[in-house]
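Here the protein sequences come in this chain order: G and U. In case it helps, the numbering used here puts the first sequence at residues 40 to 397. In case it helps, the numbering used here puts the second sequence at residues 490 to 644. By construction, the Cβ of each residue, glycine as well, lies at the ideal position given by its N, Cα and C atoms. Here is the structure we will look at, set down as C-alpha cells.
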Amino acid sequence: MTDVDTIEERVRRALKAVADQPIDPPGSDLPFPVGGPRSRPHRRGMLVGVAATVVVLAGLGLALALGPRSSTTGGSPASSLNSQTVQATFVPTAPTTAMELSHAAATVRARLRALGDGRETVTVSGGHLQVRGPAIPRSDLQVAVTRGTLLFRPAECAATSYSPPPAGSSSSSTGTTLPPCGAQYQLTPINLGQTVAGGTVKPVVPDPAFTSIASTPPSHDDPVRTVLLPAQSVSGSSGTEAARYVLGPAQLDGSSIAGVEARHEASQWIIDITLTPAGSVRWDAVAEQNFHMIVGIDVDGQVISAPMIEPSNTAFVSFGGRFQISGNFTAAQAKDLAVILGHGPLAPAFELQSLQRT
Amino acid sequence: MRIMAGSMADSDLADLYRRQREPMIRFARLLAGSGGVAEEIVQEAFLKLHQLGERPRNPDGYLRTVVANLARSHLRRLGVERRMPAGRRITVGDPEIDETWAAVCRLPFRQRAVLALRFYEDLPEADIARILDCRLGTVKSSLHRGLSKLREELS
Numbered sequence: 040m041t042d043v044d045t046i047e048e049r050v051r052r053a054l055k056a057v058a059d060q061p062i063d064p065p066g067s068d069l070p071f072p073v074g075g076p077r078s079r080p081h082r083r084g085m086l087v088g089v090a091a092t093v094v095v096l097a098g099l100g101l102a103l104a105l106g107p108r109s110s111t112t113g114g115s116p117a118s119s120l121n122s123q124t125v126q127a128t129f130v131p132t133a134p135t136t137a138m139e140l141s142h143a144a145a146t147v148r149a150r151l152r153a154l155g156d157g158r159e160t161v162t163v164s165g166g167h168l169q170v171r172g173p174a175i176p177r178s179d180l181q182v183a184v185t186r187g188t189l190l191f192r193p194a195e196c197a198a199t200s201y202s203p204p205p206a207g208s209s210s211s212s213t214g215t216t217l218p219p220c221g222a223q224y225q226l227t228p229i230n231l232g233q234t235v236a237g238g239t240v241k242p243v244v245p246d247p248a249f250t251s252i253a254s255t256p257p258s259h260d261d262p263v264r265t266v267l268l269p270a271q272s273v274s275g276s277s278g279t280e281a282a283r284y285v286l287g288p289a290q291l292d293g294s295s296i297a298g299v300e301a302r303h304e305a306s307q308w309i310i311d312i313t314l315t316p317a318g319s320v321r322w323d324a325v326a327e328q329n330f331h332m333i334v335g336i337d338v339d340g341q342v343i344s345a346p347m348i349e350p351s352n353t354a355f356v357s358f359g360g361r362f363q364i365s366g367n368f369t370a371a372q373a374k375d376l377a378v379i380l381g382h383g384p385l386a387p388a389f390e391l392q393s394l395q396r397t
Numbered sequence: 490m491r492i493m494a495g496s497m498a499d500s501d502l503a504d505l506y507r508r509q510r511e512p513m514i515r516f517a518r519l520l521a522g523s524g525g526v527a528e529e530i531v532q533e534a535f536l537k538l539h540q541l542g543e544r545p546r547n548p549d550g551y552l553r554t555v556v557a558n559l560a561r562s563h564l565r566r567l568g569v570e571r572r573m574p575a576g577r578r579i580t581v582g583d584p585e586i587d588e589t590w591a592a593v594c595r596l597p598f599r600q601r602a603v604l605a606l607r608f609y610e611d612l613p614e615a616d617i618a619r620i621l622d623c624r625l626g627t628v629k630s631s632l633h634r635g636l637s638k639l640r641e642e643l644s
C-alpha cells in the first residue's frame, strides 16, 4: 500500500462504497413549487442591546402562548429524551404545498439549531417533516413547531373572564361579530387618564358584556377581524383566564421584525425587538396612531403583553426601529419566544405523528 | 465573479432536481457525513437555487458548489471542519473500506472535498478549482497532501 496508484484506487473504492449507501426516496414533493413564489424561507439576526425601554407595560394582563416548560432552556429531566438520537415525524394539519413544506423545514431547522447544538437535521419526506438529532428535548420540539404568528392589534377594551351561560344558550366569537365595547370600558386616553403626559394610568375595568362570550379560538385568530383573546397570567394557575382583551384588526405583523433577543434586565426577562427599515416606519405609524393607548401583542391567539404606548411622553417620539416587550416571563419563556419570533412564523400547523429514540 | 445569466424556469429546476438529487446526496455524504445531514444540505441547496430567481450559467456546477459550501458551513457550525466527527461516520462493514474512509474523514475539509471530486466525481482539477472557488495550485497541493497523509496512515 505504498505507491500512489494503490492509494488512489483504495480511496476511490472507499468513497464509492460510502456514497453508494441506500438513499431514502424523495417522496412526492419537490423542495420548491412549480410556478410558486420565490421568497426567503426565514429571517435571521439577533439584536445586541436596546438603548432604553420605550414600551411600558400597562399591567393589564400577560400571557404566554407556549405550553408549560421548565425554567431551563434544555427542558426538565422528565421532558428530555435521554437517548443518543431522536427521530420525530411531524405532519401538516392542512393541505400544504411543497414550497410551504420546504419553508417550514427551514424554520423548524433554524429554531432547533438556535435551541440545540447545531446537529439537528430537518428534511421533507413524503409530505412530512422528519426531525433527527441527538437527545432533542420534547420542549425543544414543541417550540420548533409552534406557529409563532405575531400580530399587533389595538386593544379596544379588557373583557371579563368567560363564564359559560346555561346549556343551550352559549355563544362564541368564532364566527359572529363581537358587540362593541361599552363607552366607559373603552381603552381610550381619556378613560386611561392619559390626557396629560405622565398622568397616572387609571385602571379601566373589564367590560362585563363579554362574560357570556367565549374567547376566539387560535384557529379563528383572523388578522382582519376584531377578536376576543385570552391573556393568561404566566404565574396564574394553568387554564385560568386572568384577563381577556377585545382587540381590533391587526395593524402590523411579524414580517416587520429583523431580530429578536431575550435579555435579563432590571430583575426581569425582556424581549428586545429590532425592526426592519420598512417595519420601523410601519411600527411608528401604528404606535403614533395608538399613542397613549394600549396595543395587544397577539402570538398564536394569546395576548403575551399589552403595553401602553409612551405614557410618559407629551408627544409621540419615533421608536427608531427598536422596542422591548416585557412581562412576567421566565427565562425559558423569554428565550423560547425569542427563538420563535426571531425565525418567523411557521405555516401551516404541524402535529407530531411519531417519535423514536435510537 | 458573476455566474448568473437570465432566469431559471421552474421546469428546468424540477428536471435538475430529478437528475441531481441522488448524486448530490451521495456527494454531500462524502463531505458532511451522515445521510440525514446530506439530504438536508441538498434540500437547502435546491431551495437556494430556487430563490435565486436567476439562472446560473452552469446549474449542475453551481449546485455542486452550493452543496460543498453548505457542507462546509454545517461542519463549521459543529466546530469540526478539520475532521468529520467519528460518531457521524458511515460504516459499510468492510474493514479495509471502513479503515480508509475513517482516514479520509480525518482530513481537513478541503483535502476531503478535493479527493471526493477527483476520485468519486472523476472531475478534472480545473473543474474542482471552480467548484471549490480556489486556485488550481490549491487543488493540486490539497490532492497531494491528502494522498500523502492517507499513504502514511494506511501503509
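Handout entry: Sub-7 Å separation of residue 329(G) and residue 310(G) beta-carbons
Key = Working through the first sequence from its first residue, we reach residue 329(G) at position 290. Working through the first sequence from its first residue, we reach residue 310(G) at position 271. No, the Cβ-Cβ distance between residue 329(G) and residue 310(G) is not below 7 Å.
Exercise for the section: Tell me whether the beta-carbon of residue 339(G) lies closer than 7 Å to the beta-carbon of residue 132(G). Expected result: By one-based count along the first sequence, residue 339(G) stands at place 300. By one-based count along the first sequence, residue 132(G) stands at place 93. Cβ distance not < 7 Å, so residue 339(G) and residue 132(G) don't count as in contact.
Exercise for the section: Could you have a look at residue 39(G) and say whether DSSP puts it in helix, strand or coil? Expected result: The structure shown does not extend to residue 39(G), since chain G is modelled only from 40 to 397, so the question has no answer here.
Practice task
Give a yes or no on whether the C-beta atoms belonging to residue 157(G) and residue 567(U) are separated by under 7 Å.
Solution key: Position 118 of the first sequence, counted from the first residue, corresponds to residue 157(G). Position 78 of the second sequence, counted from the first residue, corresponds to residue 567(U). Contact flag set, yes.
Exercise for the section: Using a Cβ-Cβ cut-off of less than 8 Å, give me the residues of the segment 48 to 62 of chain G that come near chain U, in sequence order. Expected result: Here the close residues are 49, 50, 51, 52, 53, 54, 55, 56, 57, 58, 59, 60 and 62.
Practice task
Flag this pair as yes or no: are the beta carbons of residue 517(U) and residue 527(U) separated by less than 7 Å?
Solution key: Counted from its first residue, the second sequence places residue 517(U) at position 28. Counted from its first residue, the second sequence places residue 527(U) at position 38. Yes, the pair counts as a contact, with Cβ atoms nearer than the cut-off.
Handout entry: Cut-off 7 Å between Cβ atoms - residues of its own chain near residue 248(G), not counting five sequence neighbours on either side
Key = Counted from its first residue, the first sequence places residue 248(G) at position 209. Hits under 7 Å: 218 and 221.
Practice task
For chain G, find out if any of its Cβ atoms is closer than 7 Å to the Cβ of residue 642(U); answer yes or no.
Solution key: Your numbering for residue 642(U) matches position 153 in the second sequence. With 7 Å as the cut-off, residue 642(U) does not count as an interface residue toward chain G.
Problem - Where residue 153(G) falls: helix, strand or coil (DSSP) - result: Your numbering for residue 153(G) matches position 114 in the first sequence. Three-state DSSP puts residue 153(G) in a helix.
Exercise for the section: Spell out a yes or no on whether the segment 128 to 145 of chain G and the segment 370 to 387 of chain G are touching, meaning 3 or more CB-CB pairs, one atom from each, closer than 8 Å. Expected result: At 8 Å Cβ cutoff, the stretches touch.
Exercise for the section: State the DSSP-derived secondary structure class of residue 62(G), mapped to helix, strand or coil. Expected result: Counting from one through the first sequence, the residue named residue 62(G) turns up at place 23. Secondary structure of residue 62(G) (DSSP, three-state): coil.
Problem - Straight-line Cα distance separating residue 393(G) from residue 105(G) - result: Locating residue 105(G) in the first sequence gives position 66, counting from the first residue. Locating residue 393(G) in the first sequence gives position 354, counting from the first residue. Low confidence applies to residue 105(G): its pLDDT is 38, below 50, so where it sits in the model is not reliable, and the reading given next is rough at best. Distance between the alpha carbons of residue 105(G) and residue 393(G) is about 21 Å.
Handout entry: Contact belief for residue 286(G) with residue 194(G) at Cβ below 8 Å, rounded distance in angstroms
Key = Position 247 of the first sequence, counting from 1, holds the residue named residue 286(G). Position 155 of the first sequence, counting from 1, holds the residue named residue 194(G). That belief holds up - the Cβ atoms of residue 286(G) and residue 194(G) are roughly 6 Å apart, short of 8 Å.
Exercise for the section: Taking residue 177(G) as the reference, give the member of 240(G), 204(G), 128(G) and 254(G) with the closest Cα. Expected result: As a working note, residue 177(G) is residue 138 in the first sequence. The residue with the shortest Cα to Cα distance from residue 177(G) is 128(G).
Exercise for the section: Could you have a look at residue 390(G) and say whether DSSP puts it in helix, strand or coil? Expected result: Translated into the one-based positions of the first sequence, residue 390(G) becomes position 351. Three-state result, residue 390(G): strand.
Practice task
Taking C-beta pairs closer than 8 Å, name the residues in chain U that residue 319(G) reaches, listed in chain order.
Solution key: The sequence position of residue 319(G) within the first sequence is 280, counting from 1. Contact of residue 319(G) with chain U by beta-carbon distance below 8 Å is absent, the smallest such distance being about 25 Å.
Practice task
Find out if the Cβ-Cβ distance for the pair residue 358(G), residue 290(G) is shorter than 7 Å.
Solution key: By one-based count along the first sequence, residue 358(G) stands at place 319. By one-based count along the first sequence, residue 290(G) stands at place 251. Not in contact: residue 358(G) and residue 290(G) (Cβ atoms no closer than 7 Å).
Exercise for the section: For chain U, find out if any of its Cβ atoms is closer than 7 Å to the Cβ of residue 294(G); answer yes or no. Expected result: As a first step, residue 294(G) is located in the first sequence; it is residue number 255 there, counting from the start. Not an interface residue.
Exercise for the section: Kindly identify the DSSP beta-bridge partner or partners of residue 162(G). Expected result: Here residue 162(G) refers to the residue found at position 123 of the first sequence. According to DSSP, residue 162(G) bridges with 169(G).
Handout entry: Beta-carbon proximity of residue 161(G) to residue 147(G), cut-off 7 Å
Key = Locating residue 161(G) in the first sequence gives position 122, counting from the first residue. Locating residue 147(G) in the first sequence gives position 108, counting from the first residue. One thing to note: residue 161(G) has its Cβ within 7 Å of the Cβ of residue 147(G).
Handout entry: Inter-residue Cα distance where the pair is residue 621(U) and residue 560(U)
Key = The sequence position of residue 621(U) within the second sequence is 132, counting from 1. The sequence position of residue 560(U) within the second sequence is 71, counting from 1. Near 12 Å, if we compare the C-alpha coordinates of residue 560(U) and residue 621(U).
Handout entry: Closest by C-alpha distance to residue 292(G), when choosing among 315(G), 284(G) and 300(G)
Key = Residue 292(G) sits at position 253 when you count from the first residue of the first sequence. The residue with the shortest Cα to Cα distance from residue 292(G) is 315(G).
Problem - Local conformation of residue 45(G) per DSSP, three classes - result: Numbered from its first residue, the first sequence carries residue 45(G) at position 6. When DSSP states are grouped into helix, strand and coil, residue 45(G) belongs to the helix group.
Practice task
Decide yes or no for the touch test of the segment 536 to 545 of chain U against the segment 581 to 590 of chain U: beta carbon pairs closer than 8 Å, at least 3 of them.
Solution key: The segment 536 to 545 of chain U makes no contact with the segment 581 to 590 of chain U; the number of CB pairs closer than 8 Å stays below 3.
Practice task
Establish whether the CB of residue 582(U) and some CB of chain G are separated by less than 7 Å.
Solution key: Position 93 of the second sequence, counting from 1, holds the residue named residue 582(U). No, its Cβ sits nowhere closer than 7 Å to a Cβ of chain G.
Problem - Beta carbon of residue 600(U) nearer than 7 Å to that of residue 637(U) - result: In the second sequence, residue 600(U) corresponds to position 111, counting from 1. In the second sequence, residue 637(U) corresponds to position 148, counting from 1. The Cβ-Cβ distance between residue 600(U) and residue 637(U) does not fall below 7 Å.
Exercise for the section: Would you mind stating whether residue 596(U) and residue 635(U) have Cβ atoms separated by less than 7 Å? Expected result: Locating residue 596(U) in the second sequence gives position 107, counting from the first residue. Locating residue 635(U) in the second sequence gives position 146, counting from the first residue. Yes.
Problem - Supposed close pair residue 380(G), residue 296(G) - CB separation, criterion 8 Å - result: The sequence position of residue 380(G) within the first sequence is 341, counting from 1. The sequence position of residue 296(G) within the first sequence is 257, counting from 1. Indeed, because the Cβ distance is near 6 Å, the residues count as touching under 8 Å.
Handout entry: Among 294(G), 258(G) and 197(G), the one whose alpha carbon lies nearest that of residue 282(G)
Key = Within the first sequence, residue 282(G) is the residue found at index 243, counting from 1. Of the candidates 294(G), 258(G) and 197(G), the one whose C-alpha sits nearest the C-alpha of residue 282(G) is 197(G).
Exercise for the section: Rank 643(U), 563(U) and 548(U) by C-alpha distance to the C-alpha of residue 592(U) and give the top, closest one. Expected result: Locating residue 592(U) in the second sequence gives position 103, counting from the first residue. Among 643(U), 563(U) and 548(U), the Cα nearest to that of residue 592(U) belongs to 643(U).
Problem - Neighbouring residues, chain U, relative to residue 46(G) (Cβ below 8 Å) - result: The sequence position of residue 46(G) within the first sequence is 7, counting from 1. Within chain U, the residues near residue 46(G) are 636, 639, 640 and 643.
Problem - Near-chain U residues of the segment 154 to 169 of chain G - C-beta to any C-beta below 7 Å - result: Correct list: 157, 158, 160, 161, 162 and 163.
Practice task
Could you confirm whether any beta carbon from chain U is found closer than 7 Å to the beta carbon of residue 171(G)?
Solution key: Indexing the first sequence from 1 puts residue 171(G) at position 132. It does; some Cβ of chain U falls within 7 Å.
Exercise for the section: In the DSSP assignment, find the alpha helix (DSSP H) that holds residue 643(U) and state where it starts and stops. Expected result: Locating residue 643(U) in the second sequence gives position 154, counting from the first residue. Counting along the chain, the alpha helix (DSSP H) containing residue 643(U) begins and ends at 625 to 643.
Exercise for the section: Could you tell me which residues DSSP pairs with residue 308(G) in its beta bridges? Expected result: The count along the first sequence starts at 1 and reaches residue 308(G) at position 269. Answer is 303(G) and 368(G).
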